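Here the sequence shown stands for residues 327 to 639, numbered as in the working numbering.
C-beta atoms are modelled at their ideal positions from N, C-alpha and C, and glycine is treated no differently.
It should be emphasised that the depicted structure is a prediction, and the values quoted were computed from it without experimental measurement.
See below for the structure under consideration.
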Amino acid sequence: MNNKIIIDTDPGIDDALALACAFNAPEIDVIALTTIFGNASVQQTTENALRILEIFEQDIPVYSGAHRPLTMQAKEYPAFVHGENGLGNIPQPKAKKQAEAISAAQFIVNTTNQFPNEITIIALGPLTNLALALALDASIAQKIKRVITMGGNLHVAGNVSAAAEANVYCDPHAADQVYTAGWPVSVVGLDVTHQIRVKNSFFEKLEQKLPEKGKFLNVITQFYMNFYQDSYIMEGCHVHDSSAIACAIHPEWFVMESGQVRVICEGECMGKLMLHHDTGYTHRVNPWQNKPIIDVAVNVNVKAVKNWLEDLF
């Protein structure tokens, strides 16, 4: 299998592990990273992406993307989760390479048109780049093989509010556009990622197996672990973004609920996903009517995902 993958990412401690998983997975071919604001500014996440590629010895181009949401003011970056630099406040040397000249959205459009029905996008941050790509060329929705997004929550509480998950909350308008564009979408959100937790021993073993690369992941993740301990009194951390990589490779591990999904874009519940099952009932005013069916992960084979993580490195 040689699936062409674009990873849209906002590195981010959790993103760093997910990228390492993608680089090590033989089933997929990561052809580019596109960067987005989210865990830090897009300038910082772009630099982090370039640095991660150096550490993992990957010759993959990076395309810098949106620096703010489509219509809203940008939220404060979550430095208390990922550190001021997005990588646990561990100083990093400046990356030797730079991002490519064209924007992330333009790259997505160009590449999708060049390789119709061959490209899968795995989006690990806010969905602004994907929405901007649709604005440039809506026809790409018919040419993308699949879109897998890490974000959202259906039957569980949010993690930035009682209602919302962080990535969707950062740009709910973009998420709503992506979920209703008509391309095949799989949403991997808190319903499943909050079931998957790894402890410090996982990263310690990783450092033993891969002294340089594993040490990088182990050291930056201590900041993330401390956030979980302080905020949730929980040992270890969830691996949100790596779960989306797992879903791209092993969809059979994930139980999906299918329906028409809209995102609440204002008010106290901003960022909440609302799924409508097509039961035949249609109210006079129905924002879900005639919208495409997408898949939202609601359960997962936790043991399979954790074993996959252990065996990947």
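Quiz prompt | CA-to-CA distance, E533 to I619, given in whole angstroms | solution = Translated into positions along the sequence shown, residue 619 becomes position 293. Translated into positions along the sequence shown, residue 533 becomes position 207. Roughly 42 Å between the two C-alpha positions.
Practice problem: Inspect the beta-carbon positions of A358 and I332 and report whether they are closer than 8 Å. | Solution: For the purposes of this step, residue 358 is identified with residue 32 of the sequence shown, where counting begins at 1. For the purposes of this step, residue 332 is identified with residue 6 of the sequence shown, where counting begins at 1. Yes, these two residues count as a Cβ contact at 8 Å.
Quiz item: Residue range of the alpha helix (DSSP H) that S429 falls in?
Solution: Translated into positions along the sequence shown, residue 429 becomes position 103. Run containing S429: none; DSSP gives neither H nor E here.
Quiz prompt | Nearest-angstrom Cα separation, counted from E353 out to H576 | solution = Position 250 of the sequence shown holds residue 576. Position 27 of the sequence shown holds residue 353. When rounded, the distance between both Cα atoms is 10 Å.
Quiz item: Three-state secondary structure (DSSP) at V622?
Solution: Within the sequence shown, numbered from 1, the residue matching residue 622 stands at position 296. Strand, per DSSP.
Quiz item: From E636 to F528, what distance separates their C-alpha atoms?
Solution: Working through the sequence shown from its first residue, we reach residue 636 at position 310. Working through the sequence shown from its first residue, we reach residue 528 at position 202. So the two alpha carbons sit approximately 8 Å from each other.
Quiz item: From the DSSP output, which residues share a beta bridge with L359?
Solution: As a position in the sequence shown, residue 359 is number 33, starting the count at 1. BP columns for L359 point to I333, V388.
Quiz item: Can at least three beta-carbon pairs, one atom from the stretch 330-346 and one from the stretch 539-552, be found at a separation below 8 Å?
Solution: Yes, since at least three Cβ pairs between the stretch 330-346 and the stretch 539-552 fall closer than 8 Å, the two stretches touch.
Self-check item: First through last residue of the alpha helix (DSSP H) which encompasses F580
Solution: Here residue 580 refers to the residue found at position 254 of the sequence shown. In the DSSP annotation of this structure, F580 is not part of any alpha helix (DSSP H); the continuous beta strand (DSSP E) holding it starts and ends at 580-589.
Quiz item: Cα-Cα, which of P498, W579, S584, V388 is closest to K629?
Solution: As a first step, residue 629 must be located in the sequence shown, where it is residue number 303. Residue W579 is the option with its Cα nearest to K629.
Exercise. Could you spell out where the beta strand (DSSP E) holding R394 opens and where it closes?
Key: As a working note, residue 394 is residue 68 in the sequence shown. Careful: R394 lies outside any beta strand (DSSP E) and carries neither H nor E.
Quiz item: From the DSSP output, which residues share a beta bridge with R377?
Solution: Stepping through the sequence shown from its first residue, residue 377 is reached at position 51. Its beta-bridge partners do not exist; DSSP assigns none.
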